[in-house]
Amino acid sequence: MTGPAPAVELLRRRIASAGDGRPGGSRVVVAIDGPSGSGKSTFADALVRGCPAPVDLVRLDDVYPGWHGLERGAQLAAHGLVEPWLHGRAGRAASWDWAHSQPGAARPVRPGRALVVEGCGAFDAVARIGGRPRRGAAAAVLRVWVEASDAVRKRAALDRDAGGFDPWWDVWDAQWRRYAARTRARSAADLVVRTSFRPSATLARGDAAGTTVEA
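Under the working numbering, the sequence shown has 27 at position 23, and the numbering climbs by one with no breaks.
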């Protein structure tokens, strides 16, 4: 298809079907998880651009407390952001100052908009939200798993960060594999997107080529 990637279009329809038509009436959370370099960030950008209503996007890359903090970042998002948000209160998205290796200023995220949480460990951040989305639900969660082959995603991740990721790849990937094995996160996905080459470029263009969707 032309325009948005098929996966993004499918997800938009699911978000619409989970709503009840009242402003702020139905709260929808989209968690976008998967290994580094698979195209999660670009998928999230395409989704936010295509949604007709405003969406709050929180990237876990901004939350992780350093290179050893994958699972801790997901916990911070769960307790500080998602749980208050689910109860109709403003959540706070923690931040990390990567340049100085210290916490940064938290960002308030108010209820009333759809919330997208993107990054490795995103499914853990929304783990307390149960069930599949349904019309009129107090809160609905859509879990999207974006993946690519190890070779494709490593090349994409290292190219993207211009050398900053290189010395930390093994450390981060080991954390990722532990998380994926512990949680069996992929099996919880409502939608699986597999990119077969240059995932960021593929999703940014909105091409169907190179993208496989399982719903």
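Ideal placement from N, C-alpha and C gives every residue a C-beta, glycine not left out.
Practice item. Tell me where the beta strand (DSSP E) around Gly108 begins and ends. Key: Here residue 108 corresponds to residue number 104 of the sequence shown, with the count starting at 1. Element bounds for Gly108: n/a, residue is neither H nor E.
Point to revise | Touching by the beta-carbon criterion (3+ pairs, under 8 Å), the segment 47-67 and the segment 155-164 | key: no
Review point. How close, in whole Å, do the beta carbons of Val67 and Ala97 come, if the pair is a contact with beta carbons under 8 Å?
Key: On the sequence shown, residue 67 is found 63 positions in, with the first residue counted as 1. On the sequence shown, residue 97 is found 93 positions in, with the first residue counted as 1. Yes, Val67 and Ala97 are in contact; Cβ-Cβ is about 6 Å, under 8 Å.
Point to revise | Coarse secondary structure for Trp172, derived from DSSP in three states | key: Numbered from 1 along the sequence shown, position 168 holds the residue referred to as residue 172. Note: Trp172 maps to helix in three-state DSSP.
**Study point:** Same chain only: Cβ atoms within 6 Å of Arg76, ignoring 5 sequence neighbours per side
**Key:** Indexing the sequence shown from 1 puts residue 76 at position 72. The residues are Pro69.
Check your understanding: Based on the DSSP output, what are the partners of Gly95 in its beta bridges?
Key -> As a position in the sequence shown, residue 95 is number 91, starting the count at 1. Gly95 is bridged to Val113.
Check your understanding: In the DSSP assignment, what residue or residues form a beta bridge with Ile36?
Key -> Taking the first residue of the sequence shown as position 1, residue 36 is located at position 32. DSSP lists Glu122 and Val148 as partners of Ile36.
Point to revise | Beta-carbon gap between Val113 and Leu85 smaller than 8 Å | key: Position 109 of the sequence shown, counted from the start, is the residue given in the question as residue 113. Position 81 of the sequence shown, counted from the start, is the residue given in the question as residue 85. Yes. Within cutoff.
Review point. What are the boundary residues of the beta strand (DSSP E) that includes Arg63?
Key: As a working mapping, residue 63 is identified with position 59 in the sequence shown. Where Arg63 is concerned, the enclosing beta strand (DSSP E) stretches over Val59 to Arg63.
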